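Last residue of the sequence shown? That's 153 in full-length UniProt numbering, and every number before it is there in order.
See structure below.
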Amino acid sequence: MKHRMAPPAGRTPGGLAPDGRTPGAPAPDGRTPGFTMIEVLVALAIIAVALAASLRAVGALAASESELHQRLLAGWSADNTLAQLYLAHTWPEIGTQTFDCSQGNLPLTCTQRVSSTPNPVFRRVEVSVTTPGSNGTLAQLVTVVPNETNRAL
């Protein structure tokens with residue numbers, strides 16, 4: 001038994017369109033079915049606007065990722081500076097020091113400010129990290145350091 005396949009949607013078994021024309025033949029009013037040039041141009045304009053918006057979003061994400069990466073490296077530099085201070089077991093002098101604390105290929109400048117506290121056994125240490133030539137602070141950490149050089153057992 002041979003099975004017949006159904007004709008494609010919108011066609012009759014003889015291959016004719018529902019109105020009796022062959023596909024692609026002009027309609028009774030003389031028009032050929034299909035899209036007009038203006039319809040195609042409008043569709044292309046809509047696609048172009050959507051692509052431009054997506055490119056702008058991708059560009060904003062890339063810029064945001066770069067700043068996030070810089071802040072991450074700056075945070076590591078500040079954390080490293082405080083870790084070195086703790087590991088040295090020294091009593092930091094009151095004042096401000098500025099030094100290079102680059103991470104990877106990113107040039108960074110650390111500023112360490114040491115100030116006294118109401119309790120003379122502790123000193124407040126603040127580390128700020130910036131990129132050379134910029135005004136904004138990428139990272140800032142503050143801690144209190146005990147005087148371990150004069151510790152009574």
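We put the CB at the ideal spot given by N, CA and C, even for glycine.
Computed from a prediction, not measured in an experiment: that's the story for all the values here.
query: Please report the Cβ distance between L87 and V145, rounded to the nearest whole angstrom; I am assuming they are in contact, meaning their Cβ atoms lie under 8 Å.; result: Between V145 and L87 the Cβ distance is about 12 Å, and since that is not below 8 Å, they are no contact.
query: So, helix, strand or coil for L153, using DSSP?; result: Any reading at L153 must be qualified, since the residue scores a pLDDT of 47, below 50, and its modelled position is unreliable; the value itself is stated next. In this structure, L153 counts as coil in the three-state DSSP scheme.
query: Measuring CA to CA, which of Q70, N147, A63, P33 is closest to R124?; result: N147
query: S77: buried (16+ other C-beta within 10 angstroms of its C-beta) or exposed?; result: buried
query: Please report the straight-line C-alpha distance between S54 and L138, rounded to a whole angstrom.; result: 29 Å
query: What is the rounded straight-line gap between the Cα of E93 and the Cα of V114?; result: 7 Å
query: Specify the secondary structure class of G95 as computed by DSSP and reduced to three states.; result: strand
query: Go through the segment 60-114 residue by residue and report every complete run of the beta strand (DSSP E) that reaches 3 residues or more, in order.; result: 95-100
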